[in-house]
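Take a look at the structure set out below.
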Amino acid sequence: MPNDSLKRVDFIFDKDYNCKEVLYDAFKLTRDEIIEEIIKSGLRGRGGAGFYTGVKWKYAREELADEKVVICNADEGEPGTFKDRAILEEVPSKVLAGMALCGKVIGAKKGYIYLRGEYNYLKPKLEQEINKFTDILHSELNFDFNIKIFSGAGAYVCGEETALLNSMEGLRGEPRNKPPYPTHSGLFGKPTVVNNVETLVYAVMVFKIGAEKFKNIGIQGSSGSKLFSVSGDTPKSGIYELEFGMKVSDFVNEFGDGDAKAVQVGGASGFCVPRKAFDKTTIGYQGKLKGNSLPTGGSMMIFNSSRSMYNVLHNYLEFFVEESCGQCVPCRIGTQQLLKGIEAIKKGKKSSEYLENLLALSETMRLTSKCGLGQSVGNSFSSIVENFKEEMIY
Amino acid sequence: MAEVNELVKSLSHKHGKERGSLLPILQGITEVEKSLSAEIMIEVARELNISTAEVYGTASFYSFLDTEPRGEFVIRVCKTISCDMKGKRQIVKTLEDLLKIKVGETTHNKKFTLLETNCLGWCHKAPAMLINDEVYTDLDDNKVKKIIRKYRSK
């Protein structure tokens, strides 16, 4: 069934693309002009946090250092997200072109792809692509830039950029305090840009279609389109590229199985939208959106009425208990206590009022955890508990 | 022991002796040995000139760097939400029955280790599992039986 309110686009997987030509034209501009274009396009990080890509590049560009580094963050681990894997499998040259573009702008000669261990099977083909690409880069575009793959080893938290850096330095993947930000002091203290796989592809797309056109896709404040990983109770699970600004209700009409009771936007660290709020919620970064707008790294998981939201929350909390790096107390202890707490309420060992204490705890974690992992546990916790309270108790 | 020393030496030669080489070296060992023994971590520490505690601290942080003995084929079944919704429990049960071990255990012949893991990134083709680096998706009982038969004859 065609749905006009969901605008499907095809930039990411579009094969009508020649990285050499796009880079050749982009390299005619000065470094500052390239940054201007990216800023003008309104491109924001597609990993979930949504920082302005052009601004990040500008910060790294302004640093004085003999060596700078570009890192492509392919540590895609958010439950329900699988789009970066598809990008690396199907259009790797676009990712490499994005890294080269960033390298050119900030003055880096080295790039790394931090590939999660679960995607090790991609390595041989990706290495071939890198060799092919860097040959073109050296011989035809006259740019001395090299790319290596660094394999992750199974740690969700390493998707957090400073944990990723520590991991590459041979340390435990524990997030660092910010500031200093990686653009100032990143890998081994060198100015470093860490960009999500999808972000790098869109940076190149800005130069293929032009910043103005890019900006006009989607709604203001959330320029462009985004890959969505759709899973759960849907007959059409898979990866779809949609314009920003869609309503959750339109999304559910298109992808639901007719019985959707909730959509989890942004994975375990995202928000649960119950049926009654489908109409009031849009997908995009905060901007001129009507109703509540939710950012997402692209994970859209649909639950139908046969699902117990207690089980969903229980699964998320088990995930966080295991993936918390354990470095800071609010996250290490908080995740465990939230899990124990909902189990105790379900078994009747604690009264339903205890949910209020747990909600307060999740708020404390949001305020006091060191990194995004602990800070965002409360997103799914409070949105599920508040909307499906009965399911938590009975 | 001599073999172990050789392995560590060749990996440090390939990746370098800097601290930043630690993860690639530990991954290289895991590929060959399937897990990191105390002896080998001591050897790595000596080679990189850092303390053994540092090596163990890094190794024990990552779920793909095992410090307990593992079999030749390490099976990791995804247990995160989509796979859980689409029948991961049944897959684990089938594997437990076939291999006659529980999650976390290794078969007597050291051929298989059965583990659970967090999101593998195949939510649209759940349930999914990894055997070493190979991915298997859209699993059901029959598929699992066939896969295990294939690995048994390897």
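Residue numbers (this note's numbering), protein chains in the order written: chain C, 54 to 447; chain L, 52 to 205. Using N, Cα and C, we set each Cβ at its ideal position, and we do this for glycine too.
Item: Sequence ranges, beta strand (DSSP E) only - wholly within the region 309 to 334 of chain C, length at least 3; Value: 313 to 318 and 324 to 327
Item: 9 Å Cβ cutoff, residue 378 of chain C in contact with chain L; Value: yes
Item: Beta-carbon proximity of residue 132 of chain C to residue 174 of chain L, cut-off 9 Å; Value: yes
Item: Where residue 88 of chain L meets chain C, residues with beta-carbon distance less than 8 Å; Value: Per Cβ cutoff of 8 Å: no residues; residue 88 of chain L is ~17 Å from chain C at best.
Item: Three-state class that DSSP yields for residue 299 of chain C in the structure shown; Value: coil
Item: Inter-residue spacing [alpha-carbon to alpha-carbon] between residue 116 of chain L and residue 88 of chain L; Value: 11 Å
Item: Local conformation of residue 399 of chain C per DSSP, three classes; Value: helix
Item: Integer-rounded CB distance, given that residue 436 of chain C should sit under 8 Å from residue 324 of chain C; Value: 5 Å
Item: Alpha-carbon to alpha-carbon, residue 284 of chain C and residue 286 of chain L; Value: No answer is possible for residue 286 of chain L: the residues shown for chain L start at 52 and end at 205.
Item: Under 9 Å by beta carbon: chain A residues contacting residue 221 of chain C; Value: The displayed structure is made up of protein chains C and L, and chain A is not among them.
Item: Three-way DSSP call (helix, strand, coil) for residue 285 of chain C in this model; Value: strand
Item: Residues near residue 9 of chain L in its chain [Cβ-Cβ closer than 6 Å; skip 5 each side]; Value: With chain L covering only 52 through 205, there is no way to say anything about residue 9 of chain L.
Item: Contact check, residue 144 of chain C vs residue 114 of chain C, beta carbons under 9 Å; Value: no
Item: For residue 96 of chain C, the three-state DSSP class (helix, strand or coil); Value: coil
Item: Amino acids of chain C, ordered along the chain, whose beta-carbon sits closer than 8 Å to that of residue 171 of chain L; Value: 171
Item: Sufficient close CB pairs (3 or more, under 8 Å) joining the region 240 to 247 of chain C to the region 99 to 115 of chain C; Value: yes
Item: Cut-off 7 Å between Cβ atoms - residues of its own chain near residue 138 of chain L, not counting five sequence neighbours on either side; Value: 178
Item: Close-in-space but distant-in-sequence residues of the same chain around residue 72 of chain C (CB under 8 Å, 5 per side omitted); Value: 146, 147, 149, 150, 186, 189 and 257
Item: Classification of residue 314 of chain C by the beta-carbon crowding that lies within 10 angstroms, buried from 16 upward; Value: buried
Item: Three-pair Cβ contact test at 8 Å for the region 205 to 224 of chain C versus the region 177 to 186 of chain C; Value: no
Item: Minimum C-alpha distance to residue 318 of chain C - residue among C/312, C/311 and C/299; Value: C/299
Item: Among L/190, L/110 and L/66, nearest to residue 142 of chain L - alpha-carbon criterion; Value: L/190
Item: As assigned by DSSP and simplified to three states, the class of residue 122 of chain C; Value: strand
Item: Interface partners of residue 353 of chain C on chain L, CB under 9 Å; Value: Residues of chain L passing the Cβ test: none, with the nearest at roughly 10 Å.
Item: Beta carbon proximity, residue 225 of chain C to chain L, threshold 9 Å; Value: yes
Item: First and last residue of the uninterrupted beta strand (DSSP E) at residue 186 of chain L; Value: 185 to 187
Item: When C/129, C/168 and C/123 are compared against residue 162 of chain C, the one with the closest alpha-carbon; Value: C/123
Item: Environment of residue 321 of chain C [buried if 16+ CB atoms lie within 10 Å]; Value: buried
Item: Short CB-CB distance (under 9 Å) between residue 475 of chain C and chain L; Value: Residue coverage of chain C in this structure runs from 54 to 447, which leaves residue 475 of chain C outside it and unanswerable.
Item: Extent of the continuous beta strand (DSSP E) run through residue 164 of chain C; Value: 163 to 168
Item: Minimum Cβ-Cβ distance from residue 208 of chain C to chain L less than 9 Å; Value: yes
Item: Member of C/421, C/357 and C/360 whose CA lies at the smallest distance from the CA of residue 385 of chain C; Value: C/421
Item: Exposure of residue 220 of chain C, with buried meaning 16 or more beta-carbon neighbours within 10 Å; Value: buried
Item: Integer-rounded CB distance, given that residue 355 of chain C should sit under 8 Å from residue 316 of chain C; Value: 5 Å
Item: Sufficient close CB pairs (3 or more, under 8 Å) joining the region 376 to 395 of chain C to the region 406 to 423 of chain C; Value: yes
Item: Close Cβ partners of residue 166 of chain L (< 6 Å) along its chain, the five nearest in sequence each way excluded; Value: 127
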